[in-house]
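Accompanying notes for the structure given below.
Residue numbers (my numbering): 329 to 653.
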C-alpha cells in the first residue's frame, strides 16, 4: 500500500513542490512556459522566439505524431480530446455557413424569393428557433400565390389568434370580420363588411367557374376567408373580443411591428385593412410571418408610429437569412 501511495505522489506533485527547471534557451532564469510543439522550457517571450529559430519549431503540437502506449498519459488524452472538440466545432461552423443549416430548404428559399418579388423583405431564421418552427407560411406554386401564417394580437383582451394559411388575396377586414361578431341588433359596420364580402365571394366563385377551363391556375380577384377552429373555440374567441365588436371592425386599426430596430426608435407601421395582404405588406420587413397588432382608439397611445419611408426594405437592413438567392 505504501508503494502505491508513493507512486501517486510522484505523478501528482503539488504545484508548490515542483522542482524548478532552468530555461533551456538562456539557462539563467527559471522556466515558466513549455512549448506545445517540442516541449522546450522557456522563461520569457524572447527565449520562446529564440528557441523557435534555433529548433525550427512553429510552437504548435503535431496532433498526428505517433505516441507509444507507454508514453500516453492523461495530458496526452486531454490534448486529443480537445483536438476532437475543435474538429467538431469546425464542422458545425461550416454547416452554419450553408443555407441548409439555416433551414433554407427549397420551399423556404422559394418563399423568400416570392416575398421579395412582392416587395416584402422576409427574414428567415435558422432551423430550431421558435418562430421558425411556428411558421406555416408557404408558396403555392400551382396558383402562384403565398399563403401566410398570420398572427393577430388583441392587446386589451390579451388574445393571440393564429390563422395558419391565409391567402395573400385576403384582406385584414375579411379576417377581422370573420372572428369579431357584430355588436347589438342594429346593422354595424361589421355586418356591412360581411355582406360586402359575401357578395364579393359569390362573384369570385362565378368568375372562377367561368375561367376554370381556360386558366385553372389564375388567382381569384377576391378570396373568401373562413377562420380556423371549432365552433366552440370561435365562440369563446368572439366572447373575449366583444369589446372590439362594440368598437366595430371598420373603426379598428392594425399595426405591424418593424424588426431589427433599437428600443428608442419607432416600432410600428400602420397597415391598411381594406386591401389584400399582398398589397398591405409591400415595403415592409417581417421575420418569418406577419404579426399584426389590432388596436381600438383607446389603445393608440401605446402605439409608436413610423413612416413608410422608415420601413422601406433595403440591403442595409436585410439579413443573411432573408435575402433572396
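Beta carbons: idealized from backbone N, C-alpha and C, even for Gly.
Fair warning: this is a prediction, and the values are worked out from it, not measured in the lab.
Between the segment 440-454 and the segment 467-481, do three or more beta carbon pairs fall short of 8 Å?
yes
Inter-residue spacing [alpha-carbon to alpha-carbon] between residue 384 and residue 371:
In the chain shown, counting from the first residue as 1, residue 384 sits at position 56. In the chain shown, counting from the first residue as 1, residue 371 sits at position 43. Taking the straight line from one Cα to the other gives about 18 Å.
State yes or no: is the beta carbon of residue 577 nearer than 8 Å to at least one beta carbon in chain D?
No chain D is present in this structure, which holds just one protein chain.
Where does residue 451 sit, in a helix, a strand or coil, going by DSSP?
Translated into the one-based positions of the chain shown, residue 451 becomes position 123. Three-state result, residue 451: strand.
Contact under 8 Å by Cβ, residue 487 with residue 620
As a first step, residue 487 must be located in the chain shown, where it is residue number 159. As a first step, residue 620 must be located in the chain shown, where it is residue number 292. Result no, Cβ atoms of residue 487 and residue 620 do not sit closer than 8 Å.
Looking at the strands, I want to know which residues DSSP matches up with residue 369.
In the chain shown, counting from the first residue as 1, residue 369 sits at position 41. Answer by DSSP bridge pairing, in chain order: 362.
In three-state terms, what does DSSP make of residue 564?
In the chain shown, residue 564 corresponds to position 236, counting from 1. Correct three-state label for residue 564: helix.
Just mark residue 476 as buried or exposed, buried being the case when its beta carbon has 16 or more other beta carbons within 10 Å.
Against the chain shown, residue 476 aligns to sequence position 148. Burial call: buried.
Buried or exposed, going by whether 16 or more other CB atoms sit within 10 Å of the CB of residue 348?
What you label residue 348 is simply residue 20 of the chain shown in a count that begins at 1. Exposed is the call here.
Can you say whether residue 418 is buried or exposed, counting buried as having 16 or more other CB atoms within 10 angstroms of its CB?
The residue given as residue 418 occupies position 90 in the chain shown. Result: exposed.
Would you call residue 542 buried or exposed, if buried means 16 or more other Cβ atoms sit within 10 Å of its Cβ?
Here the question's residue 542 lines up with position 214 in the chain shown. Low per-residue confidence applies at residue 542: pLDDT is 38, beneath 50, and the placement is therefore not dependable, though the value from the model is reported in the following sentence. It is exposed - the Cβ of residue 542 has fewer than 16 other Cβ atoms within 10 Å.
Does the separation of the CB atoms of residue 389 and residue 407 fall below 8 Å?
In the chain shown, the residue the question calls residue 389 occupies position 61. In the chain shown, the residue the question calls residue 407 occupies position 79. Their beta carbons are under 8 Å apart, which means residue 389 touches residue 407 by this criterion.
Simplified DSSP state of residue 441, which is helix, strand or coil
For the purposes of this step, residue 441 is taken as the residue at position 113 of the chain shown. In this structure, residue 441 counts as helix in the three-state DSSP scheme.
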